[in-house]
Amino acid sequence: MNDEITSKHLQKLRVRGAPQAIPGSTGMVGRYSAREIMKQTVRGLGLTLAEGFGATEIREAKQKLAQAAASQGARPVEEALLALHGDPVEDTPREWIWKVVLPIRGPAKADEEASLSIERIEGGSYIETMTHGGLDDLPNLYTFFLGSFLPSKKQQLTRPLIYHRVIDGLDSGPTEKLALQVFIPIQLSLRPPQKLVTREEM
Numbered sequence: 003m004n005d006e007i008t009s010k011h012l013q014k015l016r017v018r019g020a021p022q023a024i025p026g027s028t029g030m031v032g033r034y035s036a037r038e039i040m041k042q043t044v045r046g047l048g049l050t051l052a053e054g055f056g057a058t059e060i061r062e063a064k065q066k067l068a069q070a071a072a073s074q075g076a077r078p079v080e081e082a083l084l085a086l087h088g089d090p091v092e093d094t095p096r097e098w099i100w101k102v103v104l105p106i107r108g109p110a111k112a113d114e115e116a117s118l119s120i121e122r123i124e125g126g127s128y129i130e131t132m133t134h135g136g137l138d139d140l141p142n143l144y145t146f147f148l149g150s151f152l153p154s155k156k157q158q159l160t161r162p163l164i165y166h167r168v169i170d171g172l173d174s175g176p177t178e179k180l181a182l183q184v185f186i187p188i189q190l191s192l193r194p195p196q197k198l199v200t201r202e203e204m
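Those letters in the sequence shown? Residues 3 to 204, by the numbering used here.
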């Protein structure tokens, strides 16, 4: 049986080429619904996460960013994002950089002592999808979309920067229980699909 959050988000999502998502089903293909959206470019305050981060580190980073924005007179325009700086096709996981980024409007500045950076949240075309499998399910999701779904639509990753938003589970459990929205930037391409880096090849 679908939980309320799953049902709400799946009702919003429109499938393009992939089977309708079936929460709780096994197997990779067909687990992810998707729709194309447009996002606007906005500024953000960012904090880099240390390797091996979990729910506690994400939660603390969000709180620190909210406090910094308030103290600088900036206004959050949406919930904080978890940004992956890296291309799962080209880069191994040890090369990825993860940041928590709070989209803002108004005055803001970097603070080296507080490890705060000014970020640009890129606008343009995105595939929006989601997973209830937490951070551990992201490699499956990347494999499906970058290795199968996008090539089938003659699309590819626009830039090595994938955004995520935790929509449930951050305050109540381990990272494998997190519900995540994922935003994959896309553009048209005639390039043949590339093979994703596997764990054995790292």
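Here a beta-carbon is modelled for each residue, glycine too, at the ideal position from N, C-alpha and C.
By the neighbour-count criterion, in which 16 or more other beta carbons inside 10 Å mark a residue as buried, Thr43 falls on the exposed side. Relative to Thr145, the option among Leu51, Leu47, Ile186 whose CA is nearest is Ile186. As summarised for the segment 79-117, the continuous beta strand (DSSP E) elements at least 3 residues long and confined to that stretch are 83-87, 99-107, given in chain order. Going by DSSP, Leu180 is part of no alpha helix (DSSP H) at all; its letter is neither H nor E. Counting the other Cβ atoms within 10 Å of the Cβ of Ile106 gives 16 or more, which makes it buried. Distance from the CA atom of Ala112 to the CA atom of Val103, rounded to whole angstroms, is 13 Å.
A straight line joining the alpha-carbon of His87 with that of Gly171 spans about 23 Å. Contact annotation: the segment 34-50 touches the segment 119-131, with at least three C-beta pairs closer than 8 Å.
Per the Cβ contact rule, the segment 61-70 is not in contact with the segment 145-160 (fewer than 3 Cβ pairs under 8 Å).
By the criterion of at least three beta-carbon pairs nearer than 8 Å, the segment 88-99 is not in contact with the segment 108-122. Counting the other CB atoms within 10 Å of its CB gives Ala52 a total below 16, which places it among the exposed residues. Around the C-beta of Ala82, 16 or more other C-beta atoms lie within 10 Å, and the residue is accordingly described as buried.
A straight line joining the alpha-carbon of Leu182 with that of Gly54 spans about 18 Å. Of the residues assessed, Glu121 falls on the buried side of the cut-off, its CB having 16 or more other CB atoms within 10 angstroms.
The beta-carbon distance between Ser117 and Thr50, rounded to whole angstroms, is 7 Å. This is short enough to meet the 8 Å contact definition.
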